[in-house]
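Numbering-wise (UniProt numbering), the sequence shown opens with residue 1 and increments by one. Every residue gets a Cβ at the ideal spot worked out from N, C-alpha and C, and that includes glycine. Before any comments, here is the structure.
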Amino acid sequence: MPEQKPDAVHHAQLEWRENGQPVSSTFDDIYFSTASGLEETRHVFLAENDLPERWSKLQHGARFTIGETGFGTGLNFLAAWQLWRQTAPASAQLHFVSVEKYPLRPDDLARALAMWPELHDLSRELLESYPPLLAAGVHRLSFSGGIHLTLIIDEASRGFERLLLDDPGRDRVIDAWFLDGFAPSKNPEMWSEELFQAIASLSAPQATFATFTCAGIVKRGLKSVGFALQKVPGFGRKREMLRGEYSLPLAQTPHRHHATPWHLPQSQPQSQPLSQSQVQPQRQGPQTVAVVGAGIAGATTARTLAERGLKVTVFEKGESPGSGASGNDQGILYAKLSPKPGPNGDFNLLALQFAQNFYPRLCPQAVHFDGLLQLAQSEKERQLQQQVVERLSLNGDSKLAQPVTASQASALAGVDLTAPGLYFPDAGWLRPRQVCSTLLQHPNIQTHFATTIHNATYADQQWQLETSEKTAQPGFDALILCSANFNRHFPQTAPLPLQPIRGQVSFAAITEASKKLKLALCGEGYIAPANSRDSQTTQSFGATFKLKQTDTGIRAEEHQENLQTLASLLPDIAGSFSGQTLQGRAALRAATPDYLPMAGPVADWEHLEDTYHSLRKNRKQLIDRRTPYQPHLYVLAGLGSRGFTYAPLAAEVLAGWIVGEVMPVSEELVKALHPMRFAIRALGKNRSITD
C-alpha cells in the first residue's frame, strides 16, 4: 500500500463475489457469513449479549451503549438498531460506538447493504448521514428515535483511547461489546494489549461481550483485563464462540494518569488526588435544566437535551427566538477547512458534516442546502485551498467539497465569477429565526421570552434564578449559559474571555441581476440567493467585522462597506443594489481568543487558582489533582461568525458533559472546546486567570 500522510484514511479495498458479498482484499476475509450474515449477527452479538431481554427491561429515558471493533458494512449497527426499535422504550437512547481503520466508501457501503432488503429503511438513513469525508478521528451521527452512532476512523486501540477523558466515572460507559472484525489469524495486530486495556477502561460494571472467535490471543487478552469468559455454541458451522462479563472490582479499574486533569469537574468541597476519587460510573445526571439564551447556541442545546429526555426551560431576554446575532433573515452554513491537522481545522470539518445532517432532520422547512461556493479571491487563499484539496484528497467526486475553476464556479452559481474555489454540494443557507423557533418546539421544552436573568445562585442542590418576570421559578438541577456576551454579566462566568464583535448585514430588494444567483456564495464577504419558496423579497449580504464596538445601530458607511465587498465577488449584482435604500441589521457576535467555541463546565475560579498555581512556574508539570467546579454549571458561547455551523456539534459535547454519555469528539477536542482552557493557559504564562 502506498505511503500516506499521517491523517490520511485508508479506505477498504474490496472484491465482490457473484452473490454481491464484499471481501476485503487487504485481509483476504469476508465481512459477514456467506450463509446469512444478518442471522449470524443476531445470534452472536444480539442474543449472546442478552440484548432482547435487557432492552425490554429498560426504564423510561434509559441509555444503553454498545462498543464495537470493526464497523465494516454497518450490518451489526443496523441489526442492533432494528432490535432496539422492536424492544426498547420509545424514550430510551441507544449509543453505538464503533471503530474502523478501513472504512467503506459510501458507494461500496450502499452496495453491501443492498443484500439485506429488510433493513432497507434503516440502511437509507445510515447512507444519508454517512460522513461525506471520513477523516481520521471521531464522527457523531444522530438518527431518529434516539439513535446515536459514534464512528471512529482509526486503528482499534488508538480509536477507543481517543474517547478516554482520564476519568473512570465518565469513561466507563459501554454496556455491551461486539468484538467483531476480521479473524485474529488474519489481523493479529488489532487484538493488542492496548486494545484490551482500552476496552476495560470503557466498560461499565457488569458490561458484557460477545465475539465469534475463540482464538487464544482474544481469550488471554480479555481475561487479563478482568473479563469472565464462557464458551457457547457458535453460529452455523462454527462450533464455539465466546461471551462473558466484565468482573473486575471497581477499585481495580485500569486508569491512566498522563496529564493534569484540569478539565474534569470535582464537586467535593476540596480538591483531592485522583487516586482517592470514587470510581462509581456517572449514570444519573440532571433531570431539569435552565438554558439562558434562545439564539442558535441555546436552541441547539435545549433541543439536544430535550431529545435525551431532560426537562428544559429556556429564558430569553428578547421577544422571540433568535433576537441577537442569530436573528438575520438569511444565514450561511460554511466552515473554514484547514490545510493542517489541528483543533480548529478538525472541529470545522466535523461540525460542518454534523450540521449538514442536523438541520435537514429537525428543521427541513428552514434550510436550503442547495450548494455553496467558497471563492479564493487572493493568491494566498488559492494556495490555502489547494493545500486543503491535497490534504483531504478532495476531487470532483467528493461529496463534501470539490475544487472548481472560475468557469465551473460560474456554471454552478448562474452568474459570472472570476475566481476559483471550493464547491460544497450539501451546504448552503438557512432561515436563522425559523431554525431557532423550530428547534424549541418540543414537548420537553418550555420558553420564557422578554425575560432577563438578573442573578443565579446555587442552593439546596439546585440553581435558583432571579428573573425580570418577578414570578417564582422552580429550581433547576443544571444551568447552561448560552447568552453570548451577556454571559459576562454573571459572576460565575465573568472571567471567560468573550470578545464582542459588531457585524452589520445589509438587505437589498431582489433585482433581475441578483435573482440569477443559484446558490450561496462566500469569499471576503457573503451573499445568499433569492428564493421563491417562501415569498422572499430581499437578499442578505455582508457582513462587517468591527472589534470592540458594542452598539447595534445601523450605519450607512457599513452598508457601503458591504456593497464594496460584494462588488469584489459579484460586481453586476452589487451595481444593481447600489441605487437602493438598503435595510439592515446589526448585532454582536461573541468570539474567543482562539476562535473555537466554549462548550463545557465552569470551574470555581478561586479553587482553580489554588489547585494549579504551581503551573505558573512549570506549565508542563503533572498535578494529579482535580479542582471543584461550579455545580452543574455549563456554558456554550464564543461561536463567532460560524454559529450555525458550530452549535449543533458543540451542543452534543455539552450533552456528553451533562448526561454522562460518550463524547461526540476526541479527548483532544473536548479539551480544545473546554471553557477553562484559557485559564490554564494563563496559569502556564504566569498571568491572571480572571482579567
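Contacting residues, own chain, Cβ-Cβ under 8 angstroms from residue i (five flanking each side not counted)
{"i": "aspartate 29", "result": "Val23, Phe182, Ala183, Lys186, Asn187"}
{"i": "leucine 440", "result": "Ala294, Ala299, Ala302, Arg303, Val314, Pro321, Thr447"}
{"i": "leucine 164", "result": "Asp171, Ala198, Ser201, Leu202, Arg256, Glu667"}
{"i": "aspartate 572", "result": "Val415, Asp416, Ala513"}
{"i": "methionine 241", "result": "Val44, Glu48, Ala210, Thr211, Phe212, Thr213, Cys214, Lys231, Val232, Pro233, Gly234, Phe235"}
Beta-carbon proximity of residue i to residue j, cut-off 9 angstroms
{"i": "phenylalanine 235", "j": "glutamate 40", "result": "yes"}
{"i": "threonine 313", "j": "histidine 448", "result": "yes"}
{"i": "leucine 58", "j": "alanine 80", "result": "no"}
{"i": "valine 289", "j": "alanine 478", "result": "yes"}
{"i": "glycine 169", "j": "glutamine 93", "result": "no"}
{"i": "leucine 75", "j": "leucine 51", "result": "no"}
{"i": "tyrosine 646", "j": "valine 602", "result": "no"}
{"i": "leucine 350", "j": "valine 9", "result": "no"}
{"i": "leucine 104", "j": "alanine 12", "result": "yes"}
{"i": "histidine 43", "j": "serine 91", "result": "no"}
{"i": "alanine 574", "j": "serine 641", "result": "no"}
{"i": "leucine 38", "j": "glutamate 118", "result": "yes"}
{"i": "alanine 520", "j": "glycine 371", "result": "yes"}
{"i": "proline 597", "j": "leucine 639", "result": "yes"}
{"i": "alanine 401", "j": "glutamine 356", "result": "no"}
{"i": "phenylalanine 358", "j": "leucine 673", "result": "no"}
{"i": "leucine 352", "j": "tyrosine 334", "result": "yes"}
{"i": "serine 326", "j": "proline 500", "result": "no"}
{"i": "threonine 467", "j": "isoleucine 453", "result": "yes"}
Residue closest to residue i, alpha-carbon to alpha-carbon, out of the options
{"i": "serine 410", "options": "Pro117, Tyr646, Ala599, Leu517", "result": "Leu517"}
{"i": "lysine 101", "options": "Ser157, Ala574, Leu78", "result": "Ser157"}
{"i": "threonine 213", "options": "Val653, Ala228, Asp180, Thr544", "result": "Asp180"}
{"i": "arginine 243", "options": "Pro474, Glu48, Ala92", "result": "Glu48"}
{"i": "glycine 523", "options": "Pro339, Phe541, Ser514", "result": "Phe541"}
{"i": "residue 697", "options": "Asp329, Tyr595, Thr69", "result": "For the chain, the structure presents residues 1 to 691; residue 697 sits outside this window and is missing."}
{"i": "tyrosine 458", "options": "Asp691, Gln86, Gln630", "result": "Gln630"}
{"i": "alanine 135", "options": "Leu113, Ser123, Val99", "result": "Val99"}
{"i": "glycine 318", "options": "Ala513, Ala112, Ser483", "result": "Ser483"}
{"i": "arginine 391", "options": "Ala413, Tyr423, Pro339", "result": "Pro339"}
{"i": "isoleucine 480", "options": "Ala637, Val505, Cys436", "result": "Ala637"}
{"i": "phenylalanine 143", "options": "Val505, Leu422, Ser129, Lys620", "result": "Ser129"}
{"i": "glutamate 245", "options": "Ser36, Phe178, Lys617, Phe678", "result": "Phe178"}
Per DSSP, cross-strand counterpart(s) of residue i
{"i": "isoleucine 30", "result": "Val23"}
{"i": "cysteine 522", "result": "Gln374, Tyr526"}
{"i": "lysine 231", "result": "Leu242"}
{"i": "asparagine 455", "result": "Glu466"}
{"i": "tryptophan 16", "result": "Pro22"}
{"i": "alanine 587", "result": "Gly503"}
{"i": "lysine 546", "result": "Arg502"}
{"i": "residue 696", "result": "Because the chain in this structure spans residues 1 to 691, residue 696 falls outside the shown range and cannot be described."}
{"i": "tryptophan 177", "result": "Gly67, Phe209"}
{"i": "glutamine 446", "result": "Thr313"}
{"i": "glutamine 402", "result": "Tyr423"}
{"i": "histidine 368", "result": "Trp429"}
{"i": "glutamine 564", "result": "In DSSP, glutamine 564 forms no bridge with anything."}
{"i": "threonine 538", "result": "Ala509"}
{"i": "alanine 478", "result": "Val289"}
{"i": "proline 265", "result": "Thr627"}
Sequence-distant residues of its chain with Cβ nearer than 7 angstroms to residue i (five each side left out)
{"i": "glutamine 580", "result": "Ala508, Ala509"}
{"i": "phenylalanine 354", "result": "Arg140, Pro648, Leu649"}
{"i": "serine 271", "result": "Summary for serine 271: the model assigns pLDDT 34, below 50, so the residue's position carries little reliability; its value from the coordinates is reported in the next sentence. His607, Thr611, Arg625, Arg626, Thr627, Pro628."}
{"i": "glutamine 276", "result": "At glutamine 276 the pLDDT is 35, less than 50, meaning the model places this residue with poor confidence and gives no usable figure here."}
{"i": "glutamine 377", "result": "Ala419, Gly523, Glu524, Ser568"}
{"i": "proline 491", "result": "none"}
{"i": "glycine 553", "result": "Ala586"}
{"i": "alanine 528", "result": "Gln330, Ile332, Trp429, Ala520, Gln539, Ser540"}
Contact set for residue i: own chain, Cβ-Cβ below 6 angstroms, skip 5 residues either direction
{"i": "methionine 1", "result": "Because the pLDDT of methionine 1 is 34, which lies under 50, any placement of that residue in the model is unreliable, and the question is left without a value."}
{"i": "valine 670", "result": "Met663"}
{"i": "arginine 17", "result": "none"}
{"i": "alanine 494", "result": "Arg488"}
{"i": "tryptophan 55", "result": "Thr87, Ala88"}
{"i": "glycine 309", "result": "Gly61, Ser91"}
{"i": "glycine 345", "result": "Ser338"}
{"i": "proline 269", "result": "Residue placement at proline 269 cannot be trusted, given a pLDDT of 37 that sits under 50; the coordinates are not used to answer."}
{"i": "isoleucine 680", "result": "Trp262"}
Check: residue i C-beta below 8 angstroms from any heavy atom of the ligand MG
{"i": "threonine 418", "result": "By its list of ligands, the structure shown contains no ligand whatsoever, and the ligand MG lies outside what it can speak to."}
I'd like the ranges of any alpha helix (DSSP H) spanning at least 4 consecutive residues and lying wholly in the segment 83 to 135.
Within the segment 83 to 135, the complete alpha helix (DSSP H) runs of at least 4 residues are 106 to 113, 120 to 129.
Within the segment 278 to 357, ranges of the beta strand (DSSP E) (whole runs, at least 3 residues)
Assignment of beta strand (DSSP E) within the segment 278 to 357, counting only whole runs of 3 or more residues, yields 288 to 292, 311 to 315, 331 to 333 in chain order.
Taking the runs of the beta strand (DSSP E) that are 3 residues or longer, which of them lie wholly in the segment 597 to 641?
Counting only runs that start and end inside the segment 597 to 641, the beta strand (DSSP E) elements of at least 3 residues fall at 598 to 603, 627 to 637.
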